[in-house]
């Protein structure tokens, strides 16, 4: 874009960016950095003593309860990631390839859960999975079981709830990847004799692999920091990192552990982000 | 003597280490239609952007009607510009688009609506005022862009490859329309294109550009008949180029030459000097005859017929000259030419139809 | 296209839609229960829980959420416009860094951003900001990426030479912004506001840590009441709070063409 202002007044971008950047610096960058450093400072409740220590991490990681929570969080994250990509791929493929006039509506429909707060999404699962809920009622009436199953609170319930909530992210990522695919490549394969399924396995799937990995990592990253769904579908015995953080920061007021756990979550997310961009460097053909 | 409508002097524009415009001198007289012609990357669009004020030159001067403007921003230069993608404001009606320049100049509402109607009439879009750009065809959008640029009665009109997005028939139609409009209004115009057909049919003068420099400025006839460099010669139309050596010093502008295809006599222009030169003949000036059929005074070479390409109104005859090099003759398809591949033939031309340029 | 595999795909897709929409529909159905239990299929039929959802104790957080979301959207847009222009139109030293800190909140867990803000404000003595002001700040930070992105997208999509055309016709830089640039990017601005509004309205992770008891968004209010059980009132309330973003998106889709921005959006919830 050739406009004279862009050339002759280099001060303009600075003026535009100054206040917003200052705002973000003060209320986002510094607090986040502070959190990281606070995890290395001794705290008594909410008062920081200013003494550098790694005791916070030691305390956190030495208790089996917390170890399990961290492990549970990551395992759920992986499971959620896998379910999300397995379920969202067919949906994304359909949405990209369909010629139905309802296509726009169907896409919006698949993304509509994003508009619902997590409570709406999770509530339904609670209703479905609890002892008097739909699943148990159905299984009882058919006679498969004669006592209602305790399906929640459990890690499985959390996994299902999270996978459900994060499906739209998988759909978006994989749709973007499929859209970037030149349709002529599939046609070339078919003209050379590959059937629909062969073409998919040999051509489409490998070329959309970056989108699949991206979708997995996105779902994983969001899942490990989720609070509401694990809080609703889980219980005291199925803590995840987010629910523990809430306990530490707001209930037990133990900011030493809270910032340590928060720092672990933060660093994990950053690592996942870096992993995503490193892998995202390869674009689908 | 009146100031030229536009004068460019020693104009330079660099992008990094590369000089996109490398010392341009040009004067456009009032009412004149000048075309900047050249392949992509030659600097013609950069030059236009410098004239319009979207780029600032690194060196040199730009004067509009005698006034130095190279430091003025585009909105102070009183120019009318038509962009390659027309750049109509998508959120405004046709009438509002055309009225925009008048609005910026604070013209009253009554006068604006009169002038807008006039301008639309000028481009044969009467009654289109209420439509929106997305309801118009490519050709119609172009006319709106023209009307918008002309309604403000600018000192100069700039056109940036306006016809390249149109299909062939429309392009030819718009060519003559723009030409007649320009002549009628008498407005000085700079037209940028890579299409030589447009340049030749529309311009008063053509500036052929290459690598940021102007290779030659002249009328269409001068550029076509008397190209000063090999680049200009081969950029416009097709041309046969035969390396030659000057055997005899030029007398009355003509010299005897030795070429691999045979001896020749041709006009030697002022630029050609030294013993190694290039002899150029346009295909339509290269005639064919049977053995001994060339008229006296003509330069005659023996040749063999190669492929004959049928293009409808004309026949392109590919020839192999005595030294094995290739040439092309172009003849009107009068229905009576009968040539067989491999046939021996005489290719002849009049000395005044050939043109010698410098170089090896 | 071979019919066989494609038909199979359609069946699978239908099942997936059932999976996606099921829980939401079930939540809505539950709100019709006669008694105060969350049975599905609902037993009895009653609208009283929907009525309950309009009781003052719920209307207050709902209004609070709406107000907060609206304010967040406005502030995020106000900050987002100059940022989008700076990113889209200029090169300057530190651009990558500013870009990273602008989009960072989109990528990092909202939870972490929330507790970081909580801790920071408390430690520097601005604990009294917790509640309204801290909430606003926190929400603006996590919603800013949405408005910046959509505005940047519409700047990028602007037809190439229109601004130059305006300048060539005599419009100075301010006139160009006023008559050409802004009118053309208005849809992007509205889309950004809508996304920011929705993101703020549905947020729970940040609000849970920053909100004070008297000043709670509806999401936090519902969460706290879940401690006492899954009453149909909460179901009704949840569905009602779904309708607001839904209507917003539908309106904007109709008038502003929000669809263009949806597929580029890959933000976090």
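Protein chains in written order, with our numbering: chain X, 1 to 285; chain F, 286 to 645; chain E, 646 to 914.
All residues carry an ideal CB built from backbone N, CA and C; glycine is no exception.
Query: Spatial distance of residue 276 (chain X) from residue 250 (chain X) (CA atoms); Result: 32 Å
Query: CB contact below 8 Å: residue 796 (chain E) versus chain X; Result: no
Query: Distance, residue 601 (chain F) Cα to residue 297 (chain F) Cα; Result: 42 Å
Query: Alpha-carbon spacing of residue 742 (chain E) relative to residue 17 (chain X), whole angstroms; Result: 11 Å
Query: Cutoff 8 Å: residue 652 (chain F) Cβ touching any chain E Cβ; Result: What is shown of chain F runs 286 to 645, which leaves residue 652 (chain F) out entirely.
Query: Complete alpha helix (DSSP H) runs within the segment 68 to 128 of chain X (minimum length 4 residues, chain order); Result: 103 to 111
Query: Cutoff 8 Å: residue 730 (chain E) Cβ touching any chain X Cβ; Result: yes
Query: Beta-carbon contacts of residue 557 (chain F) that lie in its chain and below 7 Å, excluding the five residues immediately before and after; Result: Low per-residue confidence applies at residue 557 (chain F): pLDDT is 49, beneath 50, and the placement is therefore not dependable enough to give any value.
Query: Residue span of the beta strand (DSSP E) that contains residue 50 (chain X), given as start and end; Result: 47 to 52
Query: Inter-residue CB distance, residue 374 (chain F) and residue 815 (chain E) (contact presumed, cutoff 8 Å); Result: Incorrect: roughly 14 Å between the Cβ atoms, too far for contact.
Query: Residue 522 (chain F) vs residue 460 (chain F) beta-carbon contact at 8 Å; Result: no
Query: Contiguous beta strand (DSSP E) assignments of at least 3 residues, all confined to the segment 489 to 516 of chain F; Result: 490 to 495, 498 to 503
Query: Contact list for the segment 559 to 579 of chain F against chain E, Cβ threshold 8 Å; Result: none
Query: Exposure label - residue 454 (chain F); buried when at least 16 CB within 10 Å; Result: exposed
Query: Residue 254 (chain X) - partner residues in DSSP beta bridges; Result: Answer is none; residue 254 (chain X) lacks a bridge partner.
Query: Secondary structure of residue 376 (chain F), DSSP reduced to three states; Result: coil
Query: Distance between residue 92 (chain X) and residue 334 (chain F) (C-alpha atoms, nearest Å); Result: 45 Å
Query: Start and end residues, alpha helix (DSSP H) containing residue 23 (chain X); Result: 11 to 24
Query: Validate contact between the segment 824 to 832 of chain E and the segment 344 to 358 of chain F using beta carbons, cut 8 Å, 3 pairs; Result: no
Query: Presumed contact (8 Å Cβ cut-off) between residue 88 (chain X) and residue 215 (chain X), rounded CB distance; Result: 6 Å
Query: Short Cβ contact (8 Å threshold) for residue 862 (chain E) with residue 713 (chain E); Result: yes
Query: Identity of the residue in E:818, E:666, E:747 nearest residue 919 (chain E) by Cα; Result: Past the edges of chain E, shown from 646 to 914, lies residue 919 (chain E), and the structure says nothing about it.
Query: Counterpart residues of residue 297 (chain F) in DSSP-defined beta bridges; Result: F:307, F:344
Query: Through-space distance from residue 755 (chain E) to residue 234 (chain X), alpha-carbon basis; Result: 20 Å
Query: Status (buried if at least 16 other CB within 10 Å, exposed otherwise) for residue 67 (chain X); Result: exposed
Query: CB-CB length for residue 668 (chain F) against residue 405 (chain F), believed under 8 Å; Result: As shown, chain F starts at 286 and ends at 645. That puts residue 668 (chain F) outside it, with no answer to give.
Query: Every unbroken alpha helix (DSSP H) within the segment 657 to 694 of chain E, with a cutoff of 4 residues, ordered by chain; Result: none
Query: Residue of F:499, F:479, F:473, F:578 minimising C-alpha distance to residue 489 (chain F); Result: F:473
Query: Contacting positions in the segment 124 to 140 of chain X - beta carbon closer than 9 Å to chain E; Result: 124, 125, 126, 127, 128, 130, 132, 133, 134, 137
Query: Per DSSP, the bridge partner or partners of residue 292 (chain F); Result: F:312, F:348
Query: Short Cβ contact (8 Å threshold) for residue 793 (chain E) with residue 729 (chain E); Result: yes
Query: Close-in-space but distant-in-sequence residues of the same chain around residue 220 (chain X) (CB under 6 Å, 5 per side omitted); Result: 77, 81
Query: Where residue 385 (chain F) meets chain E, residues with beta-carbon distance less than 8 Å; Result: 811, 814, 816, 824
Query: Within-8 Å CB hit, residue 266 (chain X) to chain E; Result: yes
Query: Partners in chain E for residue 69 (chain X), counting only beta-carbon separations shorter than 8 Å; Result: Near residue 69 (chain X) there are no residues of chain E at all, since even the closest Cβ is about 14 Å away, more than 8 Å.
Query: Distance between residue 95 (chain X) and residue 176 (chain X) (C-alpha atoms, nearest Å); Result: 11 Å
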